[in-house]
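>
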Amino acid sequence: MSPIKKLDIAMNNKICFKGKKTFEVIMQARQQGCDVLLVKDEGVYLMAAARTKGKRLLAYAEGLDPTTRDSGDVFDDACRICGGDDFMERLPSDDPAFDHLLEKQGHLEFLITQTEFCMTSVG
1 MSPIKKLDIA MNNKICFKGK KTFEVIMQAR QQGCDVLLVK DEGVYLMAAA
51 RTKGKRLLAY AEGLDPTTRD SGDVFDDACR ICGGDDFMER LPSDDPAFDH
101 LLEKQGHLEF LITQTEFCMT SVG
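Read left to right, the sequence shown gives residues 1 to 123 (the numbering used here).
1. Using DSSP with H/G/I as helix, E/B as strand and the rest coil, what is Cys-16?
2. To the nearest angstrom, report how far apart Glu-24 and Arg-56 are at their CA atoms.
3. Indicate the three-state DSSP secondary structure (helix, strand or coil) for Thr-120 in the structure shown.
4. If you draw a straight line from the C-alpha of Glu-42 to the C-alpha of Ile-81, how long is it?
5. Our contact map puts Thr-120 next to Ala-97 with C-beta atoms below 8 angstroms; I'd like the distance itself, whole angstroms only.
6. Which residue spans inside the segment 40-120 form an unbroken alpha helix (DSSP H) run of at least 4?
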């Protein structure tokens, strides 16, 4: 990730989820009748809340995947954008934003402040 893009993300406190894994996480949550979790720990990702056998499917936010970048840089970026504490937020899998996302095959954006976040489907 270029320094300009990093700065742009940090200034907006915005994270973005794109691609096939994002759709798969939402569909998995719907099939299992559970919420989608927005999680921040060593990265920022979405996952289905239900327990599954084997490895859990994770959809990382753009630029915040510790498996594709230096984990220290990812952690620093996640803290700058989302705050220093780890968190988990439950999102109902039947949220209309998810309907729009799946229908339009777009992407999800989260605008994050110190007290709240706003999820939007774009596309």
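Positions of the beta carbon are idealized from the N, C-alpha and C atoms, including for glycine.
Let me spell this out:
1. strand
2. 11 angstroms
3. strand
4. 13 angstroms
5. 6 angstroms
6. 71-82, 96-104
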